[in-house]
Amino acid sequence: MEIDPTASSASAWLQSASGQQTAIRGTCFLGRAASSNIVLPDDKVSRRHAMVHVQGLDEFWLIDLGSSNGTYLNGRRVAQPCRLTHLDVIQVGDRSFTFHHPKHQSGTDTASTEKTVQEIRSVKCWLLLADIEASTQFIKKLPADEAPRVTGRWLAECKRIIDDSHGAINKFLGDGFLAYWLDREETATSIKAALTALKELQEKSEPRFRLVLHYGKVFVGGAASLGEESLLGNEVNFAFRMEKLAGSLGTLRLLSEPAQAHVKSLLDTTEEGRHTVPSFDGEFLFYTF
Numbered sequence: 015m016e017i018d019p020t021a022s023s024a025s026a027w028l029q030s031a032s033g034q035q036t037a038i039r040g041t042c043f044l045g046r047a048a049s050s051n052i053v054l055p056d057d058k059v060s061r062r063h064a065m066v067h068v069q070g071l072d073e074f075w076l077i078d079l080g081s082s083n084g085t086y087l088n089g090r091r092v093a094q095p096c097r098l099t100h101l102d103v104i105q106v107g108d109r110s111f112t113f114h115h116p117k118h119q120s121g122t123d124t125a126s127t128e129k130t131v132q133e134i135r136s137v138k139c140w141l142l143l144a145d146i147e148a149s150t151q152f153i154k155k156l157p158a159d160e161a162p163r164v165t166g167r168w169l170a171e172c173k174r175i176i177d178d179s180h181g182a183i184n185k186f187l188g189d190g191f192l193a194y195w196l197d198r199e200e201t202a203t204s205i206k207a208a209l210t211a212l213k214e215l216q217e218k219s220e221p222r223f224r225l226v227l228h229y230g231k232v233f234v235g236g237a238a239s240l241g242e243e244s245l246l247g248n249e250v251n252f253a254f255r256m257e258k259l260a261g262s263l264g265t266l267r268l269l270s271e272p273a274q275a276h277v278k279s280l281l282d283t284t285e286e287g288r289h290t291v292p293s294f295d296g297e298f299l300f301y302t303f
């Protein structure tokens with residue numbers, strides 16, 4: 015039995031049928047590619063087949079990356095990101111792995127809770143939400159074995175775009191994701207690159223999806239590395255309300271006024287008008303691009 019030397023200090027790990035343990039930190043890729051965290055030299059396995067992604071302190075999600083032969087969780091094919099629980103069984107090709115997260119069973123200890131509270135800080139942040147439009151109907155109209163491939167490849171391409179623009183996906187949301195960038199001097203240029211690439215993706219392939227972008231001060235807490243932090247506060251709530259507004263307006267791309275103010279010199283935008291946002295007072299100006 016092989017044990018990853020870091021697995022003993024990790025809160026979660028994958029264990030193969032032979033007993034080999036692989037710690038999950040940030041994102042754990044499974045696939046045929048040599049760069050994968052778990053390399054599976056099997057013709058039934060795609061180069062980048064699936065990944066387990068850490069969200070916040072104690073959430074772990076399984077995402078199929080558009081593999082040809084699918085990823086299975088407890089015997090069912092994964093069609094959308096799925097939250098993992100202790101002792102779930104993941105199957106990729108002919109290999110199976112048991113997900114271990116024993117802390118989730120006993121709860122977070124007081125010391126960890128106090129540490130988390132101490133780490134919470136306020137930062138300026140870019141928030142980008144993307145979601146598949148009418149995802150349930152879209153998935154139903156596709157053949158059962160095709161839907162996971164289409165949605166998985168879309169998520170994989172979106173993740174590549176976010177990664178290439180120096181951002182991180184913070185949460186997978188079933189039919190979409192929340193990405194973010196901490197505000198730095200060069201971030202607006204990275205945002206422009208991400209928006210341009212995502213717009214091109216919207217225009218060339220299915221699924222049809224919406225984008226919303228907001229900028230504001232959020233509370234960040236939890237793990238120290240980008241992509242594993244918890245994002246909290248009214249600005250996060252505002253971004254999620256924006257996504258609902260974009261759906262009601264029938265627009266595929268929506269920018270808040272603060273976001274537009276930071277990218278208007280880099281990106282051509284058009285005023286979308288003033289609109290109310292549920293749970294927030296007054297009307298707010300929005301833009302599209």
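Quick note: our numbering has the sequence shown finishing at residue 303, numbered continuously throughout.
Glycine included, C-beta positions come from ideal geometry on N, C-alpha and C.
Please read all numbers here as calculations on a predicted model, not as lab measurements.
| Check | Outcome |
| --- | --- |
| Under three-state DSSP, which class holds K206? | helix |
| What does the alpha-carbon distance come out to for the pair V164 and P55? | 24 Å |
| Which same chain residues end up closer than 6 Å to G181 when comparing Cβ atoms and leaving out the 5 residues on each side of it in sequence? | A193 and W195 |
| Between the Cα of K218 and those of V106, L76, W168 and W140, spot the shortest distance and give me the residue it belongs to. | W168 |
| Would you mind sorting N88 into buried or exposed? The rule is 16 or more other CB atoms within 10 Å of its CB. | exposed |
| Compare the C-alpha of L300 against each of S293, Q274, F294 and K278 and name the closest. | Before going further, note that residue 300 is Phe rather than Leu in the sequence given. The shortest C-alpha separation from F300 is found at Q274. |
| State the CB to CB distance for the pair V66 and L79, rounded to an integer number of angstroms; the pair is presumed to be in contact (CB under 8 Å). | In fact, because the Cβ distance is near 11 Å, the residues do not count as touching under 8 Å. |
| Looking at the secondary structure, which residues open and close the beta strand (DSSP E) in which L87 lies? | T85 to L87 |
| Would the stretch 283-293 and the stretch 261-272 be scored as touching if the rule is three or more Cβ pairs under 8 Å? | yes |
| Classify L268: buried if its beta carbon has 16 or more other beta carbons within 10 angstroms, exposed otherwise. | buried |
| Under three-state DSSP, which class holds N184? | strand |
| How would you write the range of the alpha helix (DSSP H) that S110 sits in, first residue to last? | Not the alpha helix (DSSP H): S110 falls in the beta strand (DSSP E), residues R109 to H114. |
| Please name the residue in E147, R255 and L227 whose C-alpha comes closest to that of T283. | L227 |
| Given a cut-off of 7 Å on the beta-carbon distance, is the pair V106 and V137 in contact? | no |
| If you follow the alpha helix (DSSP H) that S149 is in, where does it begin and where does it stop? | S149 to K155 |
| What's the call for V103, buried or exposed, on a 16-neighbour Cβ count within 10 Å? | exposed |
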